[in-house]
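Below is one structure; the comments refer to it alone.
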Amino acid sequence: LAEFDERISGLEDNRPSPTATNGGTQHYFGPEIGDLADRVRSRAQWALDEFGGNTLLGDLDRSWAVTYEPGGWQALHNHARGGTICTVTLNLDTNPSEDTSRGALHAVLPDTDGSTHLVTMPYWRGKLTIMEGSIYHGAYPTDAARRILVFDYAYSLR
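Position one of the sequence shown corresponds to residue 1490 (the working numbering), numbered consecutively onward.
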């Protein structure tokens, strides 16, 4: 994780348009993130395979870093942009929290009967979160600075 920390240290906000990030910066990467994106894809694919998933991760669609200041949060949003996207986040925080009301990721998960469930997930350094890009998610306001990397990959089903 130290290499990931080093790569995102001091990045400036380069959002071309408003995003769901509030109280923080967002930096989009170009091809320079390729080697790290390949390593994250490999680890995420291992996890999907290990737990019996039928998903095959493909090419990187886009990637960015989010740095939240204390009080920063993420509005409810998804990553569906007309393609089949799998979103993988890597948490770089050095101040983990089991308190799901402070900076935790929340997602609205659909059920087969049409109902939805709000799921809230604590965070810790090195945690990978994998979800289909159309799932609505966000982050509660954090009480400390937080950093995450986001990778959107194309995917197919086996």
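Every residue gets a Cβ at the ideal spot worked out from N, C-alpha and C, and that includes glycine.
None of the values given here were measured: they were computed from a predicted structure.
Query raised in the report: What residues in its chain sit with their C-beta under 7 Å from that of Val1529, if we drop five residues either side in the sequence?
Result: Residue numbering aside, residue 1529 sits at position 40 when the sequence shown is read from its first letter. If we look at Val1529 and ignore the five residues flanking it on each side, its Cβ neighbours are Val1577, Leu1579 and Phe1640.
Query raised in the report: Can you round the beta-carbon distance between Ile1574 and Asp1550 to whole angstroms, since I take them to be within the 8 Å contact cut?
Result: Along the sequence shown, one-based indexing puts residue 1574 at 85. Along the sequence shown, one-based indexing puts residue 1550 at 61. Right, the Cβ-Cβ distance comes to about 6 Å (below 8 Å), so this counts as a contact.
Query - N- and C-terminal bounds of the alpha helix (DSSP H) containing Asp1632 - result: Residue numbering aside, residue 1632 sits at position 143 when the sequence shown is read from its first letter. Element bounds for Asp1632: n/a, residue is neither H nor E.
Query raised in the report: Touch check for the stretch 1496–1507 and the stretch 1604–1619: three-plus C-beta pairs under 8 Å?
Result: no
**Report entry** Minimum C-alpha distance to Asp1600 - residue among Ala1633, Ile1624 and Pro1630
**Finding:** Numbered from its first residue, the sequence shown carries residue 1600 at position 111. Checking every option, the nearest Cα to that of Asp1600 belongs to Ile1624.
Query raised in the report: Of all the options Pro1630, Ala1634, Ser1645 and Leu1638, which has the alpha carbon lying nearest to the alpha carbon of Thr1618?
Result: What you label residue 1618 is simply residue 129 of the sequence shown in a count that begins at 1. Out of Pro1630, Ala1634, Ser1645 and Leu1638, Leu1638 has the C-alpha closest to the C-alpha of Thr1618.
Query raised in the report: Within 10 angstroms of its Cβ, does Leu1525 collect 16 or more other Cβ (buried), or is it exposed?
Result: What you label residue 1525 is simply residue 36 of the sequence shown in a count that begins at 1. Leu1525 comes out buried.
Query raised in the report: In terms of residues, what are the limits of the beta strand (DSSP E) holding Trp1553?
Result: Along the sequence shown, read from residue 1 onward, the residue named residue 1553 stands at position 64. Element bounds for Trp1553: Thr1544 to His1566.
Query raised in the report: From what residue to what residue does the alpha helix (DSSP H) around Glu1621 run?
Result: In the sequence shown, residue 1621 corresponds to position 132, counting from 1. Not the alpha helix (DSSP H): Glu1621 falls in the beta strand (DSSP E), residues Leu1617 to Glu1621.
Requested in this report: Go through its chain and collect everything with a Cβ distance to Tyr1629's Cβ below 8 Å, but skip five positions before and after it.
Outcome: Start at 1 with the first residue of the sequence shown, and residue 1629 comes out as number 140. Answer for Tyr1629: Trp1562, Thr1589, Ser1590, Arg1591, Gly1592, Ala1593, His1595 and Thr1609, listed in chain order.
Query - Cβ separation of Tyr1642 and Asp1548, assumed to be a contact under 8 Å, to the nearest whole Å - result: Residue numbering aside, residue 1642 sits at position 153 when the sequence shown is read from its first letter. Residue numbering aside, residue 1548 sits at position 59 when the sequence shown is read from its first letter. Right, their Cβ atoms sit about 7 Å apart.
Query - Neighbourhood of Leu1500 by C-beta distance below 8 Å, restricted to the same chain and skipping five residues each side - result: In the sequence shown, the residue the question calls residue 1500 occupies position 11. Same-chain partners within the cutoff: Thr1514, His1516, Ala1554 and Thr1556.
Query raised in the report: For Gly1519, which option in Ser1531, Ser1552, Pro1559 and Thr1583 has the closest C-alpha, if you only look at C-alpha atoms?
Result: Residue mapping note: residue 1519 aligns to position 30 of the sequence shown, counting from 1. Here the closest residue by C-alpha is Ser1552.
Query raised in the report: Straight-line CA distance for Ala1564 to Gly1512?
Result: Translated into positions along the sequence shown, residue 1564 becomes position 75. Translated into positions along the sequence shown, residue 1512 becomes position 23. Ala1564 and Gly1512: Cα-Cα distance of roughly 11 Å.
Requested in this report: Give every residue of the same chain whose Cβ lies closer than 7 Å to the Cβ of His1568, excluding the five residues on either side of it in the sequence, and list them in chain order.
Outcome: For the purposes of this step, residue 1568 is taken as the residue at position 79 of the sequence shown. These residues qualify, in order along the chain: Ile1574, Thr1576, Gly1622 and Asp1641.
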